[in-house]
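Add 1472 to a position in the sequence shown, counting from 1, and you land on the number used in the numbering used here.
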Amino acid sequence: MTSIIKVGIAGTGSHVPERIMSNDDFARIIDTSDEWIAQRTGIRERRFAAEGECTSDLSYKAALLALADAGVEASDLDLIVVGTVTPDQHLPTVSCQLQHRLGSPKAMAFDVGAACSGFMVALDTAASFIATGRATNALVIGAETLSRWINMEDRGSCILFGDGAGAAILQPHDVCSSGEILNSCLGADGSGFEYIQAPHGGYRVRPSDDNYDPALDNIMLRGRDVYRFAVNKMTEVIEAMCEGYDRDEIALLVPHQVNQRIIESALTRLEWDPARCVVNIDKYGNTSAASVPIALDEACKDGRLKSGDLAVLVAFGAGLTWGGALVRW
Ligand code: UT7
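Here is the structure:
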């Protein structure tokens, strides 16, 4: 029988590309404005990867920072899990590319595709390996280059997304003595798979087919439906993660940066003080799987999360999928 070992987050790191794409840059290309985007989403700018810069490149830089933060050698990693839906190529995985580039020959490596919930799914998966003694030094990443996957003619979606990567190192809690994962949840509802999709991006409809439309290779949203789902699910997951605790005991919420209005609506429902919630969507837009680990890393580095603090992480996205965690820093 496997024993259940307490799991801790030993360190974090994040990286975003240099190139800034402002709302005004979009307004020069499509029929939109800085005012519309900022008011409807809270986004002011986002980062776009440079030509040739891929998800594995962003992940690599975030991973190095997380390893240094945790004081762990890449050669000691025994697990690498990457949450992404924008890999460098279909085969093999970003995690295997990273395993080789980092120099982690002992690490089992695989990707998980859970869209904006990708980091939470990767975190929970890696935590299960640690909890059952199958890994002791795990690298968990959420990383995307969504700028490559947007339809620049669809103003309702292209303005939302940005590129970036966030990373965390997991260890048994008695090794790292930080970031104990006290509770977590994952879920999915495939009945909403049409809310966020890229219908022609796989093998059901192929470029040689008569009905093939390259525009449908890109992300398509049913924005209003996603909006409703996101407010409901964010509220529900946070409530579940806070169960057994007084709300005031939770120092910080680290939510998926989907839309500032969605976050604010959920906070209003929860009667949650916005000062205890990380919002950086103005700088990065929605970076999908990267958004929670980037926000978490920023909160750790700028002192908003201190030793002993309780934090709730929450993400939701295409699938539909969602995930949450309660962590004592
Ligand atoms: O992480 C998961 C992926 N994220 C999402 O799926 C995002 C969730 N949804 C949202 O964040 C919001 O629904 C959006 C930001 C996508 C849209 O905001 P909205 O307040 O729901 O606007 P809407 O779609 O109802 O559109 C309102 C109007 C429309 O014009 P008409 O029909 O009223 O004349 C749109 O054509 O705004 C128009 N519009 C724009 N106008 C200027 C849509 N996009 C833009 C734009 N610039 N970029």
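For glycine and all other residues, C-beta sits at the position ideal for the given N, C-alpha and C.
Scanning the region 1633-1720 for uninterrupted alpha helix (DSSP H) segments of 4 residues or longer gives 1645-1648 and 1695-1714, listed from N- to C-terminal end. Relative to C1772, the option among L1724, D1745 and P1564 whose CA is nearest is L1724.
A residue is called buried once 16 or more other Cβ atoms fall within 10 Å of its Cβ, and P1577, having fewer, is exposed.
Within the region 1719-1756, the runs of alpha helix (DSSP H) that reach at least 4 residues and sit entirely inside it are, in chain order, 1732-1742 and 1753-1756. As the crow flies, the alpha-carbon of E1721 is around 45 Å from that of E1523. Per DSSP, reduced to three states, the secondary structure at I1476 is coil, with no helix or strand assignment. Beyond the five residues adjoining it in sequence on each side, V1557 comes within less than 6 Å, by CB distance, of G1585 and A1587 in the same chain, given in chain order. Around the beta-carbon of H1487, 16 or more other beta-carbon atoms lie within 10 Å, marking it buried. Taking C-beta atoms under 8 Å as the contact rule, A1615 and V1566 qualify, at a distance of about 7 Å.
Under the DSSP assignment, G1628 falls in the alpha helix (DSSP H) whose first and last residues are R1627 to C1630. Proximity of the beta carbon of R1512 to the ligand UT7 is indicated: a heavy atom of the ligand is located closer than 7 Å. Beta-carbon to beta-carbon, M1706 and A1738 are separated by about 4 Å, close enough to satisfy the 8 Å threshold. The closest CA to that of G1795, considering only F1701, T1617, G1590 and V1612, is found on G1590. For L1642 and E1666, the gap between their C-alpha atoms comes out near 34 Å. Contact annotation: S1649 and G1480 have beta-carbon atoms nearer than 8 Å. By the CB criterion at 8 Å, V1726 and L1785 fall inside the cutoff. Straight through space, the alpha carbons of Q1669 and I1691 are spaced by roughly 6 Å.
Not one heavy atom of the ligand UT7 sits closer than 7 Å to the Cβ of N1752.
In the structure shown, the three-state DSSP call for V1786 is strand. Our two residues, A1482 and I1622, have alpha carbons roughly 34 Å apart in a direct line. Rounded to the nearest whole angstrom, the CA to CA distance from Q1561 to C1526 is 9 Å. Spanning the alpha carbons of D1781 and D1685 requires a straight line of approximately 49 Å.
DSSP places A1615 within a strand segment (E or B) once states are collapsed to three. In the DSSP assignment, G1796 is bridged to C1657 and V1786. For C1568 and S1531, the gap between their C-alpha atoms comes out near 12 Å. Counted as a single uninterrupted DSSP element, the stretch harbouring M1592 is not any beta strand (DSSP E) but the alpha helix (DSSP H) occupying residues G1590 to A1603.
In this structure, A1783 and G1555 do not form a Cβ contact; the two beta carbons are roughly 19 Å apart against a cut-off of 8 Å. Burial check for R1519: the Cβ neighbour count within 10 Å reaches 16 or more, so the residue is buried. Distance from the CA atom of N1495 to the CA atom of G1514, rounded to whole angstroms, is 11 Å. In the three-state reduction of the DSSP assignment, F1520 falls in the coil class, being assigned neither a helical nor a strand state.
If you look at A1499, you'll find it isn't in any beta strand (DSSP E); it sits in the alpha helix (DSSP H) that goes N1495 to A1499.
Relative to the ligand UT7, the beta carbon of W1508 is positioned inside 7 Å of a heavy atom. Membership of V1553 in the beta strand (DSSP E) is indicated by the continuous run L1551 to G1555. Distances between the C-beta of I1501 and the heavy atoms of the ligand UT7 are all 7 Å or more.
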